[in-house]
Every structure is written in C-alpha cells, then in structure tokens.
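If you want this note's numbering, it's the position in the sequence shown, counting the first as 1, plus 610.
The structure appears below as structure tokens.
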Amino acid sequence: MHVLNQTPPYNLFGIEDQDYDTSKVAVLPVPYDSTVSYRSGARDGPHAIIEASRGMELYSEELGVDVSKIGIFTLEELAPDFSSPEGMVNRIKKEVDVLIGDSKFPVLIGGEHTVSLGAIKSIAENEKDFSVLHFDAHSDSRDEFMGAKVCHATVMARAREIAKKCFSVGVRSTDEKSAKEYEKDMLFMKDMRGMGVKDLAGIISKNTGKNVYLTVDLDVLDPSEMPSVGTPEPDGMRFRELAGVIGELAREKRFMGMDFTELAPIPGMIAPNYLAAKLIYLAIGSVFAIR
C-alpha cells in the first residue's frame with residue numbers, strides 16, 4: 611500500500627526505487643572511528659549525511675541535471691571490525707572489490723580517514739597507474755602514530771606504498787618530518803591563498819596522473835563552514851572552492867572512486883551535515899553528469 615506524503619526512503623539523497631543492477635554509483639557507509647586521537651564521533655557521520663541528504667532537491671541548478679538519474683545505490687552500513695585497524699581495512703577492501711567487480715563507481719562515506727585505505731587497496735588491484743588526490747587539513751603522513759602503522763594519522767604514508775602518486779591539498783597541520791619529506795607532494799594552505807579555482811585545479815592536475823582516486827577529509831574545509839570534524843583547523847578551504855576544484859578536475863581526469871570522511875556530527879547543528887551531503891552530490895555529478 612502506498613502511504614500518502616511519506617518521507618523519502620532512507621538512503622543517500624532519499625532516492626525512490628533505487629536499483630543496484632542499473633546504478634552506476636554504489637555508496638558504502640562505513641561508521642568506523644576506532645583510531646581517532648582527539649574528538650571522536652565520526653562513526654556517526656554516515657548516518658548524519660544520509661539523514662541530511664534526504665531533504666535535498668535532486669535537481670542541481672549548478673550542473674543543470676538531476677544527478678540521481680545516473681543511478682545511485684546506497685548499501686547497508688558496513689559493520690566495523692574491531693579486531694584491528696588492519697582487519698577493518700581488509701573488510702572494506704573486500705566490499706569495494708565486489709563493487710568494482712560489478713562495474714560500480716565506489717563512493718565511501720566515513721567514518722574516520724582510515725577507511726580510505728580499503729578502497730585504495732582495491733583500486734590498486736584493478737589499476738596500477740593511479741594517483742590519490744587527498745584534500746585534508748592534515749598531512750596524515752606519519753609512518754607510525756601512537757604505536758600504530760595503520761590509523762587516521764598514517765593514511766597517506768600507507769597510500770604512498772600503494773599508489774603511483776599521492777598529492778595532498780589544503781594542508782595546514784603536519785609534523786616536521788612529513789613537511790620536509792613530502793613537500794613536493796603537498797599544496798599547503800599558506801600557498802593557496804589568493805588562488806582561483808582554475809589555478810588550483812591546474813596545479814593539482816600537473817601533480818596527478820590521468821586516473822585518480824579522490825579522498826576528502828572534511829576538515830580541509832574552514833571550521834566556519836565545517837565545524838563538525840574531529841580536529842578543526844582554522845583558515846581552511848571553502849565549500850565553493852573545494853566543489854569547484856573537483857568539478858574542474860572531473861573534466862580531464864578519470865575518477866576511479868572517492869570517499870568523504872571525518873564528519874563528527876554536533877548535536878543540533880545540521881548545516882555541516884547538509885554541506886557534506888551537497889558536496890558528495892556535486893562531486894558525483896561532476897564525474898558523471900557533465901559528460
């Protein structure tokens with residue numbers, strides 16, 4: 611029986627009659643934050659983003675299309691593996707392996723940034739020549755943090771062992787060793803000030819290959835727009851800037867998957883959740899709808 615005036619379905623963007631077989635995009639929510647070192651709560655990020663997204667209009671006036679028509683399917687939340695971070699990464703990899711095997715474009719919603727490694731490992735088995743494009747306030751490049759080789763603070767150190775090229779953007783907090791060792795692989799926020807979207811996209815394009823995996827830690831954004839993160843660093847990117855750069859890059863790069871991590875919802879503050887949902891929608895639309 612059809613219920614009149616029912617609320618949108620519980621999936622990313624509240625899509626009616628979502629169908630896995632015909633969808634181009636598969637969304638995997640990963641509510642995991644077992645290695646965070648400051649403010650926890652990222653495990654609640656996927657639910658908050660999905661909940662906020664159900665109130666969005668599906669027509670994008672910016673892109674001029676209803677992005678959802680490409681087919682976006684949201685899977686059930688992935689149960690955390692609490693045995694170890696390595697165990698969780700492997701669980702995510704197996705799930706993404708299935709999605710890629712089914713010719714789906716994987717979009718992960720974290721959860722802490724460690725979840726990215728599972729997708730990056732899966733991408734690497736299908737494409738040897740790819741770059742990881744990393745938007746983050748933090749370099750996440752320590753080889754080890756608090757005794758752990760796999761955690762939110764070592765994501766890019768492990769990614770550099772997998773991908774042919776890694777490039778970090780928006781960094782404004784890093785340890786001295788990483789700053790010196792990976793200086794050519796980072797675009798620091800101090801050097802981005804005053805640059806336009808096209809200039810930023812041009813620099814990123816020169817430092818990444820044709821095939822790109824996109825990982826966005828939402829703390830790359832300025833806390834005035836995105837306060838709901840575990841470690842909010844001042845003086846970050848703006849929503850319009852970030853969405854614009856992704857849109858520019860989508861015109862020339864082959865995106866192989868993406869993730870959006872580290873939303874730690876603040877009770878009663880829904881604007882950041884909505885921003886995250888909108889950013890994901892525009893990113894997916896930029897990859898598919900403009901082609």
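Glycine included, C-beta positions come from ideal geometry on N, C-alpha and C.
Whole-Å CB distance - residue i paired with residue j, under 8 Å assumed
i, j, result
"L873", "V830", "Wrong, their Cβ atoms sit about 12 Å apart, outside the cutoff."
"I772", "A734", "5 Å"
"V796", "S741", "Looking at the sequence provided, one finds Met at residue 796 rather than Val. Not quite, the Cβ-Cβ distance comes to about 14 Å (not below 8 Å), so this is no contact."
"S783", "A747", "6 Å"
"M866", "E705", "Contact doesn't hold; Cβ gap of about 16 Å is too wide."
Other residues of its chain near residue i: CB distance less than 7 Å, five sequence neighbours each side excluded
i, result
"I625", "P619, S678, I682"
"V640", "P656, L688, I702, L718, I719, G720, G721, V725"
"G854", "V807"
"R770", "C776"
First and last residue of the uninterrupted alpha helix (DSSP H) at residue i
i, result
"K679", "Per DSSP, K679 belongs to no alpha helix (DSSP H) and is neither H nor E."
"Y891", "881 to 898"
"I733", "726 to 736"
"V855", "849 to 860"
"M836", "It is not in any alpha helix (DSSP H) - M836 carries neither H nor E in the DSSP assignment."
Paired residues, beta bridge with residue i - DSSP
i, result
"T841", "None; T841 has no bridge partner."
"H748", "S783"
"F865", "V822"
"R636", "According to the sequence shown, residue 636 is Ala rather than Arg. In DSSP, A636 forms a bridge with F683, P716."
"D827", "T871"
"I876", "M879"
"F755", "A758"
Nonlocal neighbours in the same chain, by C-beta distance under 6 Å from residue i, ignoring five residues either side
i, result
"E696", "V760"
"F745", "V779, G780, V826, V830"
"L892", "A853"
"Y630", "F683"
"D650", "Before going on, a small fix: residue 650 reads as Ser here, not Asp. These residues qualify, in order along the chain: D643."
Extent of the continuous beta strand (DSSP E) run through residue i
i, result
"H744", "741 to 745"
"A763", "Element bounds for A763: n/a, residue is neither H nor E."
Chain-order list of residues whose beta-carbon lies under 8 Å from that of residue i (same chain, five-residue window excluded)
i, result
"R901", "Legend: pLDDT at R901 = 49, less than 50; position of this residue unreliable, no value from coordinates given."
"P833", "V839, P842, E843, P844, G846"
"N883", "A658, I659, E661, A662, S838, L873, P875"
message = List, from N- to C-terminal side, the beta strand (DSSP E) runs of 3 residues or more that fit wholly inside the region 771 to 820.
response = 775 to 781, 796 to 798
message = Quick check on the DSSP output: what are the complete alpha helix (DSSP H) runs of length 4 or more inside the region 648 to 722, in order along the chain?
response = 655 to 663, 695 to 711
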